[in-house]
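Counted from 1, the sequence shown has number 683 at position 35 by my numbering; the numbering is strictly sequential. Using N, Cα and C, we set each Cβ at its ideal position, and we do this for glycine too.
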Amino acid sequence: MKLNPIALANAAAATAIALWLVCSFFVMALPGSMMSMTGHMLHADMAAKSWTLTLPGFVFGLLIWAAACWFTGWLIAVFYNRFAQASE
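What follows is the structure, encoded as structure tokens:
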């Protein structure tokens with residue numbers, strides 16, 4: 649089976665965008681709970697920290713995550729296709 653690198657990259661970017669939207673919603677709606685969860689995920693004490701979620705920051709983060717995930721998805725498909733071809 650061969651993977652389409654562009655299709656996988658688009659799927660990865662779309663997934664990142666969806667997750668960014670959900671995460672940003674929870675940061676706006678439940679900032680304290682999200683900060684606590686972030687602290688647990690990072691093994692850090694985040695009690696003295698606070699969120700700063702501005703529109704430019706939201707858009708910049710969305711674009712960076714989408715681009716990074718697009719490139720990662722594309723690269724995974726390219727490597728997968730090369731490794732699958734080599735093992736035939």
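Which first and last residues belong to the alpha helix (DSSP H) in which residue i is found?
i: S684; result: 679-690
Can you say whether residue i is buried or exposed, counting buried as having 16 or more other CB atoms within 10 angstroms of its CB?
i: A734; result: exposed
i: A677; result: exposed
i: A725; result: buried
i: A636; result: The structure shown does not extend to residue 636, since the chain is modelled only from 649 through 736, so no value can be given for it.
i: A664; result: buried
State the Cα-Cα distance for the pair residue i and residue j, rounded to the nearest angstrom.
i: K697; j: G680; result: 10 Å
i: E736; j: K650; result: 12 Å
i: A662; j: L669; result: 11 Å
i: M685; j: F708; result: 23 Å
> Within the chosen definition, does the segment 715-728 reach the segment 678-698 through at least 3 CB pairs nearer than 8 Å?
Replying inline: no
> Would you call the segment 700-709 and the segment 656-664 in contact, with 3 or more CB pairs under 8 Å?
Replying inline: no
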